[in-house]
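Peer 1: If you use my numbering, the sequence shown corresponds to residues 203 to 430, in order. Mind looking over this structure? Questions follow.
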Amino acid sequence: MNKEGTLKAVADSGLPPRLKIYLAGFISREVSSPLRRALKADPAGLLGNMKSLLSSAAAVLGLPEEGLLSATGFDYNNFAADRLEAALAELMAVSLLAGEGFSDIKVLSPGRSRGADLSASLGGETFAFEVRCVNGESSLFAAGKDPVGFLKSVCLKKIRQARISVKKKNARRAGVFIVVNPAGFVQLAEAGELRELARRVYEALGEPAGEHVCLASGGGAAFHPPFR
Numbered sequence: 203m204n205k206e207g208t209l210k211a212v213a214d215s216g217l218p219p220r221l222k223i224y225l226a227g228f229i230s231r232e233v234s235s236p237l238r239r240a241l242k243a244d245p246a247g248l249l250g251n252m253k254s255l256l257s258s259a260a261a262v263l264g265l266p267e268e269g270l271l272s273a274t275g276f277d278y279n280n281f282a283a284d285r286l287e288a289a290l291a292e293l294m295a296v297s298l299l300a301g302e303g304f305s306d307i308k309v310l311s312p313g314r315s316r317g318a319d320l321s322a323s324l325g326g327e328t329f330a331f332e333v334r335c336v337n338g339e340s341s342l343f344a345a346g347k348d349p350v351g352f353l354k355s356v357c358l359k360k361i362r363q364a365r366i367s368v369k370k371k372n373a374r375r376a377g378v379f380i381v382v383n384p385a386g387f388v389q390l391a392e393a394g395e396l397r398e399l400a401r402r403v404y405e406a407l408g409e410p411a412g413e414h415v416c417l418a419s420g421g422g423a424a425f426h427p428p429f430r
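Structure follows, in C-alpha cells:
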C-alpha cells in the first residue's frame with residue numbers, strides 16, 4: 203500500500219492517539235525496517251494485531267493502553283528503526299507469560315542500566331525475564347540453517363541481566379525471552395519446531411539450573427525447560 207493509504211489505515215486503527223501520531227511520523231520519515239515493510243504490506247492486519255496485543259498486555263498489567271508503551275521505557279520521540287519493535291516484544295512476552303499461568307507480571311523500572319525487563323510469579327516462585335527483540339532473522343528458520351549458535355550467543359549476553367534481578371529481587375529463576383520479528387506477528391516456525399529449538403539452545407548453554415530459554419515467533423512460543 204502507498205504512503206497515503208498506510209497513513210489513513212493508522213488514523214482509522216483505533217490505536218491510542220499518541221501511538222497513531224508516532225506511527226504517522228515513523229511512516230513519513232521512511233525509516234527502513236521490518237516494521238515499515240509490514241505496515242506497507244498489510245497495514246490493517248498489522249495494526250489490528252498491534253491493537254489486540256496492547257489490549258491483552260494492558261489487561262495483564264492493569265495499565266491503560268495509552269500509557270502502556272511508556273511503561274516499557276519507550277520514547278515517543280525516538281524514531282530509530284527498532285525501538286517500537288523492542289517495546290512490542292516486551293508486551294508480547296507479558297501476554298505469553300500470562301497465557302502460561304503467570305501472575306503478578308510486572309514491567310521493571312525502565313531506564314535502568316542493569317537488570318531484567320520483567321518479573322512474574324508462578325507456583326509461589328518469582329521469575330526474572332530479560333527480553334530481546336530479534337529483527338530480520340526470518341532466515342533463522344530457513345531450510346538448512348542452524349540458528350542454535352546465534353540464539354545461544356543472545357542468551358549468554360542477556361541472561362546476565364536477568365541474573366542481576368534474581369539477586370536483587372530474591373527471585374528463584376531467570377529466563378531470556380527472544381521474540382523473533384515482533385512487528386510481523388507471523389509465526390515463522392511450527393510449535394514443535396520451536397520447542398525443539400528451545401531445547402537445543404538450552405542444551406548448548408549447558409542446561410543451567412533455574413534458567414529458561416523462551417522463544418516466541420508470531421503467536422507461537424516455546425519454553426525450555428517447561429516452567430512446571
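Note that beta-carbon positions come from the ideal geometry of N, C-alpha and C, so glycine has one too.
Is there contact between the region 415-422 and the region 367-375, where contact requires at least three CB pairs shorter than 8 Å?
Peer 2: The region 415-422 vs the region 367-375: no contact.
Peer 1: Under a Cβ-count criterion, where at least 16 other Cβ atoms within 10 Å of its own Cβ denotes burial, should Asn-204 be classed as buried or exposed?
Peer 2: Exposed, because fewer than 16 other Cβ atoms sit within 10 Å of the Cβ of Asn-204.
Peer 1: For Pro-218 versus Glu-267, is the C-beta distance shorter than 9 Å?
Peer 2: Result yes, Cβ atoms of Pro-218 and Glu-267 sit closer than 9 Å.
Peer 1: If you follow the beta strand (DSSP E) that Ala-364 is part of, which residue opens it and which one closes it?
Peer 2: Unbroken run through Ala-364 is the alpha helix (DSSP H), 350-370; no beta strand (DSSP E).
Peer 1: Around the C-beta of Asp-284, are 16 or more other C-beta atoms found within 10 angstroms, so that it is buried, or is it exposed?
Peer 2: It counts as buried.
Peer 1: Run through the DSSP bridge pairs and tell me what Lys-308 is partnered with.
Peer 2: Looking at the DSSP assignment, Lys-308 forms a beta bridge with Ser-321.
Peer 1: Using the Cα positions of Gly-264 and Lys-360, report the straight-line distance between them to the nearest angstrom.
Peer 2: Cα to Cα, Gly-264 sits roughly 27 Å from Lys-360.
Peer 1: Can you list, in chain order, the residues of its chain with a C-beta nearer than 8 Å to that of Lys-253? Leave out the 5 residues immediately preceding and following it.
Peer 2: The answer, listed in chain order, is Ser-215, Gly-216 and Leu-217.
Peer 1: Around the Cβ of Glu-327, are there at least 16 other Cβ atoms within 10 angstroms (buried) or fewer (exposed)?
Peer 2: With fewer than 16 Cβ atoms within 10 Å of its Cβ, Glu-327 is classed as exposed.
Peer 1: Quick one: is Asp-319 buried, meaning 16 or more other Cβ sit within 10 Å of its Cβ, or exposed?
Peer 2: Buried is the call here.
Peer 1: Around the Cβ of Asn-337, are there at least 16 other Cβ atoms within 10 angstroms (buried) or fewer (exposed)?
Peer 2: Classification for Asn-337: buried.
Peer 1: Assuming Glu-332 is part of the alpha helix (DSSP H), what are its boundary residues?
Peer 2: Note, Glu-332: premise wrong, no alpha helix (DSSP H); beta strand (DSSP E) at 327-336.
Peer 1: Does the Cβ of Arg-231 have 16 or more other Cβ atoms within 10 Å, making it buried, or fewer, making it exposed?
Peer 2: Looking at its Cβ environment, which holds fewer than 16 other Cβ atoms inside 10 Å, Arg-231 is exposed.
Peer 1: According to the Cβ coordinates, are Val-212 and Pro-245 closer than 9 Å?
Peer 2: Yes, the Cβ-Cβ distance between Val-212 and Pro-245 is below 9 Å.
Peer 1: From Arg-402 to Val-233, what distance separates their C-alpha atoms?
Peer 2: Between Arg-402 and Val-233, the C-alpha separation is close to 35 Å.
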